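Student:
2 protein chains.
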Amino acid sequence: MDLTARAAELDAEDPLAHLRAEFDLPPGTVYLDGNSLGAPLRRVADQLQRVVREQWGGRLIRSWSEGWWEAPRRVGERIAPLLGAAPGQVVVADSTSVNVFKALVGAVRLAPGRSEIVVDAATFPTDGYIATSAAELTGRVLRTADIDDLPAVLGDRTAVVLLNHVDYRTGRLHDMAAVTARVHAAGARVVWDLCHSVGVLPLTLDALGVDLAVGCTYKFLNGGPGAPAFLYVRRDLQEAFDQPLSGWGGHREPFAMAPDYVPAEGIERGRCGTPDILSLLALESALEVWDGVALADVRAKGLSLTGFFIECVTELPAPGTVEVLTPGDERRGHQVSLRHPDAEAVMTELIAREVIGDFRAPDVLRFGFAPLYVTHADALHAARTLADVLG
Amino acid sequence: MDLTARAAELDAEDPLAHLRAEFDLPPGTVYLDGNSLGAPLRRVADQLQRVVREQWGGRLIRSWSEGWWEAPRRVGERIAPLLGAAPGQVVVADSTSVNVFKALVGAVRLAPGRSEIVVDAATFPTDGYIATSAAELTGRVLRTADIDDLPAVLGDRTAVVLLNHVDYRTGRLHDMAAVTARVHAAGARVVWDLCHSVGVLPLTLDALGVDLAVGCTYKFLNGGPGAPAFLYVRRDLQEAFDQPLSGWGGHREPFAMAPDYVPAEGIERGRCGTPDILSLLALESALEVWDGVALADVRAKGLSLTGFFIECVTELPAPGTVEVLTPGDERRGHQVSLRHPDAEAVMTELIAREVIGDFRAPDVLRFGFAPLYVTHADALHAARTLADVLG
Chain A
1 MDLTARAAEL DAEDPLAHLR AEFDLPPGTV YLDGNSLGAP LRRVADQLQR
51 VVREQWGGRL IRSWSEGWWE APRRVGERIA PLLGAAPGQV VVADSTSVNV
101 FKALVGAVRL APGRSEIVVD AATFPTDGYI ATSAAELTGR VLRTADIDDL
151 PAVLGDRTAV VLLNHVDYRT GRLHDMAAVT ARVHAAGARV VWDLCHSVGV
201 LPLTLDALGV DLAVGCTYKF LNGGPGAPAF LYVRRDLQEA FDQPLSGWGG
251 HREPFAMAPD YVPAEGIERG RCGTPDILSL LALESALEVW DGVALADVRA
301 KGLSLTGFFI ECVTELPAPG TVEVLTPGDE RRGHQVSLRH PDAEAVMTEL
351 IAREVIGDFR APDVLRFGFA PLYVTHADAL HAARTLADVL G
Chain B
1001 MDLTARAAEL DAEDPLAHLR AEFDLPPGTV YLDGNSLGAP LRRVADQLQR
1051 VVREQWGGRL IRSWSEGWWE APRRVGERIA PLLGAAPGQV VVADSTSVNV
1101 FKALVGAVRL APGRSEIVVD AATFPTDGYI ATSAAELTGR VLRTADIDDL
1151 PAVLGDRTAV VLLNHVDYRT GRLHDMAAVT ARVHAAGARV VWDLCHSVGV
1201 LPLTLDALGV DLAVGCTYKF LNGGPGAPAF LYVRRDLQEA FDQPLSGWGG
1251 HREPFAMAPD YVPAEGIERG RCGTPDILSL LALESALEVW DGVALADVRA
1301 KGLSLTGFFI ECVTELPAPG TVEVLTPGDE RRGHQVSLRH PDAEAVMTEL
1351 IAREVIGDFR APDVLRFGFA PLYVTHADAL HAARTLADVL G
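So the sequence lines, in the order shown, correspond to chains A and B.
Residue numbering for the first sequence follows the working numbering, beginning at 1 and increasing consecutively.
Residue numbering for the second sequence follows the working numbering, beginning at 1001 and increasing consecutively.
1) Tell me whether the beta-carbon of LEU110(A) lies closer than 9 Å to the beta-carbon of PHE1101(B).
2) Closer than 7 Å, Cβ to any Cβ of chain B: which residues of the region 257-279 of chain A, in chain order?
3) In the DSSP assignment, what residue or residues form a beta bridge with PHE23(A)?
4) Closer than 9 Å by beta-carbon distance: list the chain B residues that pair up with ALA39(A), in chain order.
5) Below 8 Å on the Cβ atoms is my contact criterion, and I expect ARG78(A) with LEU287(A) to pass it. Report the Cβ-Cβ distance as a whole number of Å.
6) Say whether chain B places a C-beta atom closer than 9 Å to the C-beta of PRO371(A).
7) Would you kindly work out how many angstroms separate the C-alpha atoms of LEU1212(B) and VAL1105(B), rounded to a whole number?
8) If ALA1370(B) sits next to HIS1334(B), beta carbons under 8 Å apart, how far is it from one beta carbon to the other, in whole angstroms?
9) How far does the alpha helix (DSSP H) with GLY279(A) in it extend, from its first residue to its last?
10) Report the start-end ranges of each beta strand (DSSP E) in the region 174-246 of chain A that is 3 residues or longer and not cut off at the edges.
11) Is there a C-beta anywhere in chain B that falls below 9 Å from the one on THR348(A)?
12) Can you tell me where the alpha helix (DSSP H) with ALA1101(B) in it begins and where it stops?
13) Could you check the C-alpha separation between ASP1236(B) and VAL1210(B) for me, to the nearest Å?
14) Using the three-state DSSP reduction, which class does HIS1018(B) fall into: helix, strand or coil?
15) Touching or not, the region 379-389 of chain A and the region 1261-1278 of chain B, by the rule of three or more beta carbon pairs under 8 Å?
16) Tell me whether PHE1255(B) is buried or exposed, calling it buried when 16 or more other Cβ atoms sit within 10 Å of its Cβ.
17) Taking the C-alpha atoms as reference points, what is the distance between GLN1089(B) and ASN1099(B)?
18) Between GLU66(A) and ARG59(A), which are expected to be in contact by the criterion C-beta below 8 Å, what is the C-beta distance as a whole number of angstroms?
19) When we look at the beta-carbon of MET176(A) and count the other beta-carbons within 10 Å, is it buried (16 or more) or exposed?
20) Tell me whether HIS1018(B) is buried or exposed, calling it buried when 16 or more other Cβ atoms sit within 10 Å of its Cβ.
21) Mind checking the region 303-329 of chain A against chain B and listing, in chain order, the residues whose C-beta falls within less than 9 Å of any C-beta there?
22) Quick one: is VAL1044(B) near chain A, going by C-beta distance under 9 Å?
23) Which one of GLY292(A), GLY38(A) and SER197(A) has the shortest CA to CA distance from TYR373(A)?
24) In chain A, which residues lie less than 8 Å from SER1036(B) when you measure between Cβ atoms?
25) In angstroms, rounded to a whole number, what distance separates the CA positions of ALA1377(B) and GLU1013(B)?
26) Name, please, each residue of chain B whose Cβ falls closer than 7 Å to the Cβ of TYR31(A).
27) Suppose you measure from the CA of ASP114(A) to the CA of SER304(A); what does that come to, to the nearest Å?
28) Grouping DSSP H, G and I as helix and E and B as strand, with all else coil, what is GLN49(A)?
29) Could you pull the start and end residues of the beta strand (DSSP E) that THR1158(B) belongs to?
30) On the DSSP bridge assignment, give the partners of SER36(A) in chain order.
31) Can you tell me whether TYR261(A) is helix, strand or coil according to DSSP?
32) Starting from the Cα of GLU330(A), find the closest Cα among GLU354(A), ALA300(A) and PRO317(A) and give me that residue.
33) Can GLY249(A) and SER1095(B) be called in contact, C-beta distance under 9 Å?
34) At the 9 Å Cβ level, is ILE1356(B) part of the contact set with chain A, yes or no?
35) At the 9 Å Cβ level, is ALA361(A) part of the contact set with chain B, yes or no?
36) Does the separation of the CB atoms of GLY273(A) and LEU231(A) fall below 9 Å?
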């Protein structure tokens, strides 16, 4: 069967096909950058109208006690099922970078006698920058290690290990169960950065005993550009979790305006300042699309899309033109990374032809496949356009 | 002349009267809580439609290079004139609490040999909470002092002093020039929290040589609930300003994805994570209302509104029923605080009658007067309603 027929057949069998209509995507564009910025749900623009006109304008300050103040926890509860987390462990506030800082300093304080913070050498850069700062402020040594070499690095000096579930450059998916067990065997805490895996596959944080996790909401969760990030703290660690950005939002009685900081009892202690309501409620609206969606279907479609795209880019451009960096087996997220010496110019030309992926220096083309709105026909069209650009 | 006629005359002379029509306020409501949450500009809902539909939906990831990435600085430049700041010194990102943390740790690092952080004893609580954390992480001693007693506390151990320009409970406005000079005479740095004074009177940070400042944008700047806050760092301090939330947003080459953190050359080093675009661009739109507005007019009207309200609440309720906590002279912001033993119940009843102020424990009624949309008739109506509730 030729690729066109294959794409049509795969799309015809897709149990998620009906969801594409919920997204506001420009006609004629093949959007393969949902791993960087998810597409808008149609409902979000309407939700923002209601929030601004009815809640902010109509109710003014009263809205703080009519649902706004609790939004960081309430939106966290909407994300919890995507993480495999029981209620009461996820809060949405601040950026991913800020939450990495909270998580790392908080984790170091859980292990006062341990002197090292370990970070995956292939980490998303901002995680490494923040880890450097957290190490400096807490007087810890920062070590970097390839995730495959962790056993050689972990030991009784290790306080916490910060890891990215999916490598943002290659698209490689790490084995959360095995790595978490390895970190725990050394008596250390793990902080998983889930930016590139939340909304991609069924996560099981509770079942694996993960300590802490952070992640953004603007990639596969479609929360909007720079939407607030989430922080997961396992329930039994919360009472001892002492995070350094102790703003009034995390206070046990925020409106008592008490002179001393007393952290909230539960996950709310992960909050800091006044929550950013417009973005939070836009995100809340975007998350409704996950109601009734089975993450197993999302994962199956993502593997199908990325597998089909790898097949197409192996077949269509002249052999040897691009190198596939992403694992061909199931150890991958929902992005495919290709190496090409002129990657930047190639991506510019693809975007000019309305096939939108992105470029990562020095030579990586990235294509993200968001199963809620990307089709196999999109994947084929992208591969054909790439072959045309390269040919 | 009776109060009704006085209010009408004052409103007829108001050079800012035309601005009220730009705000989306419910008919029949007297809104006196703009010092807590400013009212929405009508243009903001439309702006959010454009941002979501045209920029996010229409341009997708491309919008990051079509104005989004630079928004923290660009919106900062819109706020700069309200602060008396030349360009290149203000960035908008994160919450006020997070910016207090950046400013305090950064200020401590400017004075490595000094061992103390000083905070105004009457500070807005979150500032004190964050200062406690910053002191702990940097190994400094935290001292609190009444702002009038600063001379007894300042010395060569003082690294930095964190002060609120307006006391959030009493409405008292501090003398920024005198206090800044006092802090500088001790060789220390000052961080001003301008949450309750930005948009109230002409600020002159550059002229006074203020070191650092932070402030929120959702009170008198009407940016929206939890809108991102600003950070001011005086230009000549920027090169040495080493703030601890070193996320990729503050990197010199954020898109190079380099392994090591190198701070941006200018005020951008005050950024941390991915900027929250929906809220930032809503704020940007709200700030347009200040074009062509003279802050001297704003200040004059604010003093007139608060003065007239103080006169009304002195005259209308039975003598001795409420105590005015706010200074009667010009040492006040644009709020009036009244003490009453049943303040909470009184405010609940006022709000039920659509006169919206707020309550601060244990016994303070607060009424904010935002000169861009509040009238003297509103002030009189509020005072009459209060007298009625108390009578």
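Backbone N, C-alpha and C fix where the C-beta goes; we use that ideal spot for every residue, glycine too.
Quick caveat, the model's predicted, so the values are computed rather than measured.
Tutor: According to the structure data:
1) no
2) MET257, ALA258, PRO259, TYR261, CYS272, GLY273, THR274, PRO275, ASP276, ILE277, LEU278 and SER279
3) LEU41(A)
4) TRP1056, GLY1057 and LEU1060
5) 5 Å
6) no
7) 12 Å
8) 7 Å
9) Sequence inspection shows Ser at residue 279(A); the Gly mentioned does not correspond to that position. Taken as a continuous stretch (DSSP letters only), the alpha helix (DSSP H) holding SER279(A) covers 277-287.
10) 189-193, 212-215 and 230-233
11) no
12) The question names Ala, yet the displayed sequence has Phe at residue 1101(B). Where PHE1101(B) is concerned, the enclosing alpha helix (DSSP H) stretches over 1096-1110.
13) 11 Å
14) helix
15) no
16) exposed
17) 14 Å
18) 6 Å
19) buried
20) exposed
21) none
22) yes
23) GLY38(A)
24) ILE61
25) 13 Å
26) LEU1060
27) Here the sequence assigns Arg to residue 114(A), which means Asp is not the residue at that position. Rounded to the nearest angstrom, the two C-alpha atoms are 44 Å apart.
28) helix
29) 1158-1164
30) Paired residue(s): none; SER36(A) is not in a bridge.
31) coil
32) ALA300(A)
33) yes
34) yes
35) yes
36) no
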